[in-house]
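Input: a single structure, listed below in C-alpha cells.
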Amino acid sequence: MLRLSRIHVALGATAIAAPLLAGCGNDRTHANEERPPSPIVVTASISKHKVSVSPTTFGAGPIRLVITNQTDRSQQITLESADDPGSGNAGIRQETGPINPRDTASLAANVTQGPYRVHVKGNDISAARLDVGEERASAQQDLLLP
C-alpha cells in the first residue's frame, strides 16, 4: 500500500509541475537576421598577356576566387576595389601567395557593390575587371548549405 501511494504522489507532483514549468520562459521576441547570400565561385586564369575572369558581372556577397597560373613563372594575384582615389569608399585589397607555374590558388572575399580589378604585379599582363552589382538574394531559405 505504501508503495502504491508513493507512486500516486510522484505522478500527482509531476502532473502539477509540468504545466508550471512549461509556463516558464521568455515573452520577448526578436527578428531573425537574414543569412548572407550563398558564396559563388569566380574563376580566373593568368596567361602570358592577360588575366581572364569568369563571370565578370555578379551581385555583391561572398565569393571564392579560384586562380590558375598558366604562365611559365610564379605569379601573385591581387583582388582590389577599383574605386576612384579619394572617393571615400573604403575598398578591399587581398592577395594570394605566390602561385607556381601550372598551379592553382584561391582566396575568399566579401565584395560590395562597385568595380574591382584582378591583376598581377608588373605591367606585362593586363588586369581583368569585375563589375559587382547589388547584393545577391539571401540564402535564408536554401537548405543543405555548409
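Numbered according to mature numbering (1 follows the signal peptide of the UniProt record, and there is no 0), the sequence shown spans residues -22 to -1, 1 to 124. Backbone N, C-alpha and C fix where the C-beta goes; we use that ideal spot for every residue, glycine too. Note that the structure is a prediction, hence the values are computed from the model and not measured.
Evaluate the contact criterion for the region 41 to 51 versus the region -19 to -12: three or more CB pairs, one atom per stretch, below 8 Å. no
N- and C-terminal bounds of the beta strand (DSSP E) containing Q72: R71 to E73
Answer with buried or exposed for A106, where buried requires no fewer than 16 other C-beta atoms within 10 angstroms of its C-beta. buried
Are the region 26 to 38 and the region 92 to 101 in contact at 8 Å, needing three or more beta carbon pairs? yes
Taking the alpha-carbon of V96 as reference, which of A(-8), L43, G(-11) and S16 has the nearest alpha-carbon? If we check each option's Cα against that of V96, L43 comes out closest.
Is the beta carbon of E58 less than 8 Å from the beta carbon of G69? yes
Using 10 angstroms around the beta-carbon of L108, count the other beta-carbons present and answer buried if the total reaches 16, otherwise exposed. Buried, by the Cβ-count rule.
Just the C-alpha distance for V31 and G100, rounded to the nearest angstrom, thanks. 18 Å
So what does G39 bridge to, in DSSP terms? V89
Just confirm the distance between the C-beta atoms of A117 and S16, as a whole number of angstroms; I'd bet it's less than 8 Å. A117 to S16, Cβ: 4 Å. Contact.
How about I24 and I55: do their beta carbons lie closer than 8 Å? Contact: yes.
Please determine, among E12, A60 and A(-10), the residue with the shortest C-alpha to C-alpha distance to A115. Answer by Cα proximity: E12.
Determine the DSSP secondary structure at H(-15), reduced to helix, strand or coil. DSSP, reduced to helix, strand and coil, places H(-15) within a helical segment of the structure shown.
When the distance is taken between beta carbons, is V29 closer than 8 Å to I77? The criterion of a C-beta distance shorter than 8 Å is not satisfied by I77 and V29.
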